[in-house]
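Sequences listed follow chains E and B, in order.
Heads up: the first sequence is residues 8 to 342, going by our numbering.
Heads up: the second sequence is residues 572 to 895, going by our numbering.
A virtual CB, placed ideally from N, CA and C, is assigned to each residue, including glycine.
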Amino acid sequence: MSRILSTGGAINEAIAIAMRTDPTVILMGEDVAGGGDRSKDGTEEMGGVLGTTRGLVGEFGMNRVRDTPIAEMGLIGTAVGAAATGLRPIAELMFMDFLGTSLDPLLNQASKLRYMFGGKVKVPLTVRTVSGAGMQAAAQHSQSLYWITTGIPGLKTVIPSNPVDAKGLLLAAIRDDDPVIFCEPKGILNQSSEVPEGDYEIPLGKANIVREGSDVSLVAFGATVRIAMKAAKALEGAGTSAEVVDLRSLSPLDDEAILTSLEKTGRMVIIDESTPRCSIARDIAAVCVDKGFDFLQAPVKCVTAPHTPVPFSAVLEQAFLPSAQDVLDAVGQMG
Amino acid sequence: MGFTGPELAEIYRRMRTIRSFEEKLHELVSAGKIGGFMHLYAGQEAIAVGVCAQLAEADIVGSTHRGHGHCVAKGVDVKAMMAELFGRSTGTNRGKGGSMHIADIDKGMLGANGIVGGGIPLVTGAALTAQVLGRENVAVSFFGDGATNQGQFHESLTMAANWELPVVYVCENNGFGEFTPTEFVVPVKDIADRASSYGMRAVIADGMDFFDVYEKAGEAIALARKGEGPTLLECKTYRFYGHYVGDQTPYRNKEEAEEWIQNRDPLDIFETKASEAGVVEPDEFRRIDGEVAALLNEAVEEAEAAPLPSIAEVLTDVYVRYEG
């Protein structure tokens, strides 16, 4: 059975399933209950700034669904310590931009404890965080900083592109024994589709070929998958067959799927909504050149945001974000 | 006093083991036999031993860059620690951590920590685990005066106080944050004053006196175990060596240092008080000194002879599982 759910709804359902099936799973973060568990006095909880976790405190109570102070370093660090000592915490970092106020526990603790301790501890932590632009949230609430977490050995980074994947990837992330950064791109949070009921996982580290094609590979992830699909349809009308690869995970990265697609098409466009320097797009371009040079029939193209902060005004924000037209232009330049 | 002779002897053995371990390391690092950064705990022994004597094995402690003393006090194997410092595969961390990361989770030692203040939220998280799962364990976070200026201290104590977590925060105020005197950078007279902004109990102990630390830590730990929330325990102490091995301490007032080292040595204070109790034979302390010295010589010999990690170890233990 399936029914229509938004990405946010699918995430909520995944958390509820994880908490029902494992008593060591807890949820903590700013406003994740949000005034909840006072139902007797008639108040209702917010369930997070975007309402994603609404209802969970009612089912699981305040021992397992905890509002924290607005103290990202403390809440993430506490979650790391809890993960190392027997819990399986889901910590919410409200916006990925707040990596700035929370980084040490991820950079120097969660990612390194297992290695530094010679393999004698595990840190089964999931950090859920809303990433990306598209809500006119401006420069400090719109960044796609998954390139930072992907660059840190010891962390995994996952980014779904639709509600079905969001549910399955989040369940896999929560049950994974390593620390996972789970990005929730703004561009897909309100997107809805049929989502299967029940408990299912989508494996981390495996890309998904969402559209088969033979002339050009469009590698995308998160909110850019929809852009790639739109471009692929337009290309089809012009007689070009595009394959769309949804990475699903940035770390581990499914090199094999990328190179297999490149071998098939000979042309590679990577679509990434983050800024270009040190980006996932350029990282994958390097993989293509390093390991797939002989497959390339044209230069690799990266479609990214410009090297700027994210602007506020809707027209500027749209200009900042990669578009299907940008993808078409990139394909056009390849000859 | 309430201690038997054998109990006092065991406490002395722990303190002497820490002191001799650090003296041995000073020798080894100065001679170039051990690499890396090395921060010695000598002078602060009464705190680690006094607090840990109140803990069970399943209770969690988290430590700092100056962490050897907490490891010994929590029962981590001294020979495995020495092997770790020599970078051997038989080390506590299989040679992958070194001085600033010694850990032994089976002994409730959640790790030294190279980031000042970095261990505080981790220990807070260990207390959260105990609370969520309804365990009776407590967690103890050791840190220095310098760490109390970090945001991680403030954020962690805020959360622990809100949630009444079973945790004790032990600040070892040794008068210096690296080379800078504490009063240059801490705007309150006592670190304990900071607890009032969290509505948290605070107690000050003489960090050179095992018995004072033991008693005050015991009260704080008992309250935490009963579900009555966290305490900030400030222990006034002094760092006998500098910040790290090689620090010549030009910034230190010589008379002040001399006073602490000659007249306030926690091992001397303990021996005097323990002797007054009349339950330890006078030659028992010297016998323990000899046994500890022999143990450390053995530890060094065994560490030097132990195998190095295989080169393949560079790649292991990054993840439990990582498949692209």
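Item: Beta carbon of I209 (chain E), beta carbon of D172 (chain E): below 7 Å?; Value: yes
Item: Which residues in the same chain have their Cβ closer than 7 Å to the Cβ of D761 (chain B), if we skip the five residues on either side of it in sequence?; Value: I775, E805
Item: Candidates B:M653, B:R659, B:V622: which alpha carbon is nearest K645 (chain B)'s?; Value: B:V622
Item: Determine the contact status of A90 (chain E) and P131 (chain E), defining contact as a CB-CB distance below 7 Å.; Value: yes
Item: If the cut is a Cβ gap below 9 Å, which residues of chain B does T231 (chain E) touch?; Value: Residues of chain B passing the Cβ test: none, with the nearest at roughly 20 Å.
Item: In chain order, what are the residue ranges of uninterrupted alpha helix (DSSP H) at least 4 long that sit wholly in the stretch 727 to 809 of chain B?; Value: 753 to 756, 781 to 796
Item: Exposed or buried, what is R882 (chain B) when buried is set at 16 or more other beta-carbons lying within 10 Å of its beta-carbon?; Value: Going by the sequence as given, residue 882 (chain B) is Ile instead of Arg. Burial call: exposed.
Item: What first and last residue would you give for the beta strand (DSSP E) that runs through I159 (chain E)?; Value: Looking at the DSSP string, I159 (chain E) is not in any beta strand (DSSP E), and its letter there is neither H nor E.
Item: So what does DSSP say about P96 (chain E), is it helix, strand or coil?; Value: strand
Item: Can you look up R73 (chain E) in the DSSP assignment and give me helix, strand or coil?; Value: strand
Item: Under a CB-based cut-off of 7 Å, is K645 (chain B) close to chain E?; Value: no
Item: Per DSSP, L866 (chain B) is paired with what?; Value: Note: L866 (chain B) sits in no beta bridge, so no partner.
Item: According to a CB-to-CB cut-off of less than 9 Å, which residues of the stretch 88 to 111 of chain E neighbour chain B?; Value: G88, A89, A90, A91, T92, G93, L94, P96, T108, D111
Item: Quick check: the Cα distance between F67 (chain E) and I33 (chain E), rounded to an integer number of angstroms?; Value: 9 Å
Item: For S727 (chain B), go through chain E and note every residue whose CB falls closer than 8 Å to its CB, in chain order.; Value: G81, G84, T85
Item: If I measure Cβ to Cβ from D689 (chain B) and keep anything under 7 Å in the same chain, skipping five residues before and after, which residues do I get?; Value: Before going further, note that residue 689 (chain B) is Gly rather than Asp in the sequence given. Excluding residues within five positions, the ones whose Cβ falls inside 7 Å are Q723.
Item: Assuming the contact rule is C-beta atoms closer than 8 Å, S591 (chain B) and L867 (chain B) should be a hit. Round their C-beta distance to whole Å, please.; Value: 5 Å
Item: Tell me which residue opens and which closes the alpha helix (DSSP H) that L254 (chain E) is part of.; Value: Taken as a continuous stretch (DSSP letters only), L254 (chain E) belongs to no alpha helix (DSSP H), as it is neither H nor E.
Item: Restricting to Cα atoms, I'd like to know which of B:R659, B:P692, B:C742 is closest to S109 (chain E).; Value: B:P692
Item: For the putative contact between G515 (chain B) and A718 (chain B), defined by C-beta atoms under 8 Å, what is the C-beta separation to the nearest angstrom?; Value: Within the shown structure, residues of chain B are numbered from 572 to 895, placing residue 515 (chain B) beyond reach of any answer.
Item: So, are the CB atoms of L242 (chain E) and A249 (chain E) less than 7 Å apart?; Value: yes
Item: 7 Å is my cut-off, CB to CB: does P192 (chain E) come that close to chain B?; Value: no
Item: DSSP state of K678 (chain B), grouped into three classes?; Value: helix
Item: Taking only beta-carbon atoms, is P283 (chain E) less than 7 Å away from chain B?; Value: no
Item: The alpha helix (DSSP H) that contains F592 (chain B), what's its start and end?; Value: 576 to 601
Item: List, in chain order, every chain E residue whose beta-carbon is nearer than 7 Å to that of V703 (chain B).; Value: I33, N70, R71, L94
Item: With DSSP collapsed to three states, give me the class of N824 (chain B).; Value: coil
Item: Okay, do the stretch 650 to 662 of chain B and the stretch 630 to 637 of chain B touch, 3+ Cβ pairs below 8 Å being the bar?; Value: no
Item: Closer than 8 Å is the cut-off here; do at least three beta carbon pairs connect the stretch 724 to 734 of chain B with the stretch 77 to 85 of chain E?; Value: yes
Item: Run the CB neighbour count on E855 (chain B), radius 10 Å, all protein chains shown included, and call it buried at 16 or more, exposed below.; Value: buried
Item: What is the DSSP secondary structure of T700 (chain B), counted as helix, strand or coil?; Value: helix
Item: Whose C-alpha, out of B:W831, B:G666, B:E869, is nearest the C-alpha of H656 (chain B)?; Value: First, the residue type needs correcting, since residue 656 (chain B) is Leu and not His in the sequence shown. Answer by Cα proximity: B:G666.
Item: Mapping the DSSP letters down to three states, classify L626 (chain B) as helix, strand or coil.; Value: coil
Item: Using a threshold of 7 Å, state whether the C-beta atoms of L328 (chain E) and E280 (chain E) are closer than that.; Value: yes
Item: CB-CB under 7 Å to V759 (chain B), same chain, minus the five flanking residues each way: which ones, in chain order?; Value: R765
Item: By the 7 Å beta-carbon criterion, what residues does the stretch 297 to 324 of chain E contribute toward chain B?; Value: none
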